[in-house]
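Take a look at the structure set out below.
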Amino acid sequence: MLTLSTIKAAKAQPKPYRLPDFGGLFLQVQPSGGKVWRLRYLRPGTRKENMLSFGSFPTVSLQDAREAREDARRLLSRGIDPGMRKKTEKLVTAQKAASTFGAIADEYFDKRARETDEDPSKRERSRYDNHLKPIIGNVPIADVTAPMLLSALRKPEAAGKLETARRLRAMSGRIFRYAIATGRATRDPSADLVGALTMPTPTNFAAATDPKDLPDLLRALWSYAGGPIVSAALQLTPLLFVRHGELRSARWADIDLDAAEWRFSASKTKTPHIVPLATQAIEILTELHKLTGRGAYVFPSARGGDRHMSQVATLSAMRRMELPADLVTNHGWRATARTLLDEVLGFRPDVVEHQLAHAVKDPLGRAYNRTSHLPERKVMMQAWADYLDSLRTGSNVVAIESRRSA
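Going left to right, the sequence shown walks through residues 6 to 411 as the working numbering numbers them.
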């Protein structure tokens, strides 16, 4: 059996040699002078000889090596190969390291960047780095609990950043669901936090609802000096007043310029929706078709590929034009149209609501179908486009009473 003095006295030789201990354990002395603990054993079942390393002396002491040998012998007595057990444990450790919340979050952000023109590094990744990474970034995602996640969200909540906390919970849910889909987690603990956070007070999108605020805004949109694709999007935003995501993801296959209709599934209600196209919208789309008509999207991404325009493209354009943020946003045009079509142009609220793709029911409580009030909506959309033209150019508005009869 080996002794500590024998081990320390062992000198390097031109070739490796062994200092045996007991039960297959030996210390191999390398030509470099290094000393490595190894165990020689027979694999269960095959009875083939195999070697198992326990590390180097003196990092692993004689006593440590003997304890490791006894652990291996106990496994062998149960028919378990200690070498295979060690490899399995290493693999599990490596998988856990690759399956931390942070590692999977990075995968998710990279996936988002490939799928859409919206770069998550400026929004979601920034929120993750600031709030979640320091607390749960290095934790295996399968080990993250609801209380652990809540503790990370309490910090922005305590600082009064209620919307940030809400967005972080929603974002973490998307990361957990991605982990579940890729086999690294079995459940989403963010779902357990419903009602645990203080919810922010809802705020309405900024909108211009006074006609006197519109002429300068419209003239600015129509005089945008940037690219023609963004320019067309800026002009169609008030003309069509659809949700901004619906506009920028519009496909040419859904637009019939001859029938003057755009048919698609509304993003909120997931139901078929029809947008009658006024002559002004037809003119813009006809010119735009010359530029983008060969592709799938009406507003393709400036970065190329089979992607549509980014979420911030028109917002950035409006900021560059220094338009007042308190008066206009992309979504705000829906509120503008909703107010002015009713209060100024005199169209029935139910017709307006239907064109907004809101859930509208008839007097018997039945949901209208997509063609409900379509003739009136066609008149309304043309009247709306004419009204915007009149505000922009300063020409006389067609008498309101003529619209009320629609």
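Note that beta-carbon positions come from the ideal geometry of N, C-alpha and C, so glycine has one too.
Mark residue i as exposed unless 16 or more other C-beta atoms lie within 10 angstroms of its C-beta, in which case mark it buried.
| i | result |
| --- | --- |
| Pro305 | buried |
| Phe27 | exposed |
| Pro449 | For residue 449 there is no data in the structure shown, the boundaries of the chain being 6 and 411. |
| Thr98 | exposed |
| Val247 | buried |
| Ala73 | buried |
| Ser236 | buried |
| Gly310 | exposed |
| Gln18 | exposed |
| Thr242 | buried |
| Glu129 | buried |
| Ser82 | exposed |
| Met323 | buried |
| Met176 | buried |
| Arg371 | With a pLDDT of 44 at Arg371, under the threshold of 50, the predicted position of this residue should be treated as unreliable, and no value is reported. |
| Asp215 | exposed |
| Pro87 | buried |
| Ala186 | exposed |
| Glu288 | exposed |
| Ser104 | buried |
| Gly337 | buried |
| Leu96 | exposed |
| Asp263 | exposed |
| Ser321 | exposed |
| Glu381 | buried |
| Arg192 | exposed |
| Ser254 | buried |
| Arg343 | buried |
| Ser131 | exposed |
Going by beta-carbon coordinates alone, are residue i and residue j separated by less than 8 Å?
| i | j | result |
| --- | --- | --- |
| Met385 | Leu346 | yes |
| Leu24 | Leu67 | no |
| Tyr229 | Met314 | no |
| Leu244 | Ala340 | no |
| Glu162 | Leu202 | yes |
| Arg256 | Ala286 | no |
| Phe106 | Val144 | yes |
| Gly29 | Arg45 | yes |
| Ile180 | Ser156 | no |
| Leu80 | Leu137 | no |
| Ile279 | Leu198 | no |
| Thr319 | Leu222 | no |
| Arg189 | Ala147 | yes |
| Ala184 | Ile109 | yes |
| Leu350 | Tyr392 | yes |
| His359 | Ser377 | yes |
In this structure, does DSSP put residue i in helix, strand or coil?
| i | result |
| --- | --- |
| Thr191 | coil |
| Tyr183 | helix |
| Phe59 | strand |
| Gln18 | coil |
| Phe31 | strand |
| Pro36 | coil |
| Pro205 | coil |
| Leu24 | strand |
| Phe269 | strand |
| Gly351 | coil |
| Asp311 | coil |
| Leu241 | helix |
| Glu54 | strand |
| Arg119 | helix |
| Arg45 | strand |
| Arg1 | Residue 1 falls outside the range modelled here, since the chain spans only 6 to 411, and no answer is possible. |
| Tyr229 | coil |
| Val199 | coil |
| Arg408 | Note that Arg408 has pLDDT 43, beneath the 50 cutoff, so the model's placement of it is unreliable and the number below is only indicative. Correct three-state label for Arg408: helix. |
Considering Cα atoms alone, identify which of the options is closest to residue i.
| i | options | result |
| --- | --- | --- |
| Thr169 | Ala196, Lys95, Asp355, Pro205 | Pro205 |
| Val41 | Thr51, Met56, Gly50, Arg52 | Met56 |
| Asp394 | Thr291, Thr284, His378, Leu154 | Thr284 |
| Arg43 | Ser37, Pro36, Ala77 | Ala77 |
| Phe352 | Ala108, Gln33, Gln387 | Gln387 |
| Pro36 | Lys16, Thr51, Lys53 | Lys16 |
| Pro233 | Arg90, Leu154, Val303, Leu350 | Val303 |
| Glu112 | Lys217, Tyr133, Lys95 | Tyr133 |
| Ala225 | Thr344, Asp355, Leu396 | Leu396 |
| Met6 | Lys383, Leu32, Tyr22 | Leu32 |
| Gly399 | Gly60, Leu158, Asp218 | Asp218 |
| Gly231 | Glu266, Tyr22, Asp193, Ala307 | Ala307 |
| Ala118 | His363, Thr344, Phe62, Arg312 | Arg312 |
| Lys20 | His249, Val34, Ile12, Lys13 | Val34 |
| Lys383 | His249, Thr291, Arg171, Glu266 | Glu266 |
Any heavy atom of the ligand ATP within a distance shorter than 7 Å of the CB on residue i?
| i | result |
| --- | --- |
| Gly29 | The ligand ATP is not among the ligands present in this structure, which contains no ligands whatsoever. |
Hey, which unbroken runs of the alpha helix (DSSP H) at 4 residues or more fall wholly within the region 124-185? You should have 129-132, 138-141, 151-163.
What ranges does the alpha helix (DSSP H) occupy inside the region 76-111, keeping only unbroken runs of at least 4 residues that lie completely in it? Secondary structure remark: continuous alpha helix (DSSP H) runs of at least 4 residues inside the region 76-111, in chain order: 87-103.
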